[in-house]
Amino acid sequence: MHDPHRPSYHFLPPAHFTCDAFGLIHWKGRYHLFYQYQPHSTVLAAGVWAHAVSDDLVRWDHLPFALVPTPGGPDRAGCCSGRTVDNDGVPTIVYTGAPPGWPYTSRPCIATGSDDLVRWAKHPSNPVIREPPAGLDITGFRDHAVWREGDAWYQLVGCGIHGVGGTLPLYRSPDLIHWDYLGLLLTGDAEQTDAMWECPDFFPLDGRQVLLVSANPSASVGYFVGSYAAQSYDADFGGRVDLGAHFYAAQTMLDDQGRRLMWGWLREGRTPEALRAAGWSGAISLPRVLTLDPAGRLHSEPAPELQVLRGRRFTQVDIPLSAAEPHTVDGVLGDRLEIVAEFEPTHADTVGLAVRCSPDGAEQTRITYSFMKDRLELDCRQSSLDPTTERPMTGGPLRLPRGRALRLQVFLDGSTIEVFANGRAAASRIYPTRSDSVGIQLLSARGDARVASLNAWEMQPIWDGTEAIPDHP
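Going left to right, the sequence shown walks through residues 267 to 739 as the numbering used here numbers them.
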């Protein structure tokens, strides 16, 4: 709990390695989050289905592992990404079983659960799909999107074709056990959307059909928006789900309010040696609510439930900004904050925030928006004085209508930063080395600007250091 880089209000296990959030389901009024966990290491490896539950999307209780490898079984090297579905009242997991040779030899498996989702039994027919589609020179075959249409179940498996790009084999089943291959739902271009698609998610949203794919090896999440009928998908590539550098393996759930909620893995940006010294690796993003804007672009906002974590508040209004020098925000210091800044429309080229600033500016992370270029940037190049850490500069179009105010909402939590700007998100990992890198500045460039309001809250932790994963149900 004294590790300055360890998040205090994001979800993560007490120790060791975690990555993808998956199997997400709102079951009998409770939010269930399953995630990939390696209980013996801090580096990426196939592991177990770990499990947590929440009543409010904010505070989580660790539950016993849902799935662990079976010696000699089709998942003996690991139980990996998948989905949890309601099969006529029977909670059922469709997951990737990893035998030796993972990830290239992975196969879909299933397990059924108790009514409280704590005890799970693997099906004796595993793997339920024994081979990838014949005739495809694949780069991988793992991760699942599963849904029901009428009396049939449908499944997409993450895949790629050598020399072509990511693709998604589509299957149909009457019972989640016997699957028939129907063909490829969608195939991308390796130059545009990468060579392999992992962690597919396929769902209706605001009258359209959205597909999320995690592109490998670029480690970015892309989305498509289109129409779906009779097992045919007509879609256009919409762009990146997150404009940062460390958000991956996005997955969603539908809750009983009808909201489409999304989480992602906030992967690390430091060396294996640093991770071993820390004793932990990886975190899960804050929950995001997805919508489509009138133009059919994917928007995400932080779940409003997070507001219960707000503590002491700082407020300032009508702040003039000069291009000559940054405006230091007095009275707000910290690395566990939520910040909301409303920038008025301006003739200045660029406005934004600098956070985690040391007094001399040697360490800082900058979030800026160029009205002229319509570009949001998350600049981590000065985020750390440690040369072994990743310090990327990333960004992309915001598509902010001319004359519209810019709203930046920033969550700082140890080494995590999540930015929401008028419906677009950007998340990265930062590792400041100095204890005084806790300042905030308001920025304007190539013209003066004005901040209509600035609000900041100290965020309360959801962990106290006594958490543990139970050994048995």
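Every residue gets a Cβ at the ideal spot worked out from N, C-alpha and C, and that includes glycine. Computed from a predicted structure; not experimentally measured.
- Annotation for residue 544: the continuous alpha helix (DSSP H) segment containing it runs 538-544.
- If you ignore the 5 residues before and after residue 629, its C-beta comes within less than 8 Å of the C-beta of 622, 623, 648, 649, 650, 651, 698, 699, 700 and 703, all in its own chain and listed in chain order.
- Within the same chain, 377 and 378 come within 7 Å of residue 387 by CB-CB distance, once the 5 residues on both sides are set aside.
- One thing to note: residue 719 has its Cβ no nearer than 8 Å to the Cβ of residue 646.
- Within the same chain, 342 and 343 come within 8 Å of residue 366 by CB-CB distance, once the 5 residues on both sides are set aside.
- Rounded to whole angstroms, the gap between the alpha carbons of residue 447 and residue 440 is 13 Å.
- Here residue 452 is actually not in contact with residue 507; their C-beta atoms are around 16 Å apart, not less than 8 Å.
- Close CB contacts of residue 597 within its chain, under the 6 Å cut and outside five residues either way in sequence, are with 580 (chain order).
- Looking from the CA of residue 655, the closest CA among 684, 500, 696 and 601 belongs to 696.
- Secondary structure note for residue 405: it is in no alpha helix (DSSP H), and the uninterrupted beta strand (DSSP E) holding it is 404-415.
- Among the bridge pairs identified by DSSP, residue 356 is matched with 353.
- Taking a contact as a CB-CB distance under 8 Å, the pair residue 608 and residue 725 does not count as one, their CB atoms being some 20 Å apart.
- One Cα belongs to residue 535, the other to residue 550, and the distance between them is close to 14 Å.
- CA-CA distance, residue 547 to residue 283, rounds to 5 Å.
- Using a 10 angstroms sphere on the CB of residue 391, the tally of other CB atoms stays under 16, which defines it as exposed.
- A Cβ-Cβ distance of about 3 Å is found for the pair residue 713 and residue 614, placing them in contact under the 8 Å criterion.
- The beta carbons of residue 495 and residue 405 sit no closer together than 8 Å.
- When only Cα atoms are considered, residue 270 and residue 723 end up about 18 Å apart.
- Contact between residue 538 and residue 309 is confirmed by a C-beta separation of about 5 Å, below the 8 Å threshold.
- For residue 481, there is no enclosing alpha helix (DSSP H); the residue is found in the beta strand (DSSP E) stretching over 474-482.
- When DSSP states are grouped into helix, strand and coil, residue 527 belongs to the strand group.
- Burial is judged here by how many other beta carbons sit within 10 angstroms of a residue's own beta carbon; residue 398 has at least 16 and is buried.
- Residue nearest to residue 432 within the set 480, 705 and 414 is 480 (criterion: CA-CA distance).
- In the three-state DSSP reduction, residue 561 falls in the coil class, being neither helix nor strand.
- Shortest Cα-Cα distance from residue 315 to any of 302, 732 and 572 involves 302.
- Around the beta carbon of residue 583, fewer than 16 other beta carbons lie within 10 angstroms, which makes this residue exposed.
- Note on residue 276: 16 or more other CB atoms within 10 angstroms of its CB, so buried under the neighbour-count rule.
- The alpha-carbon of residue 553 is positioned some 11 Å away from that of residue 684.
- For residue 459, the uninterrupted alpha helix (DSSP H) run begins and ends at 456-459, by DSSP.
- For residue 646, there is no enclosing beta strand (DSSP E), as DSSP gives it neither H nor E.
- In this chain, the beta strand (DSSP E) harbouring residue 435 covers 431-439.
- Taking all protein chains in view, the Cβ of residue 289 is crowded by 16 or more other Cβ atoms within 10 Å, so the residue is classified as buried.
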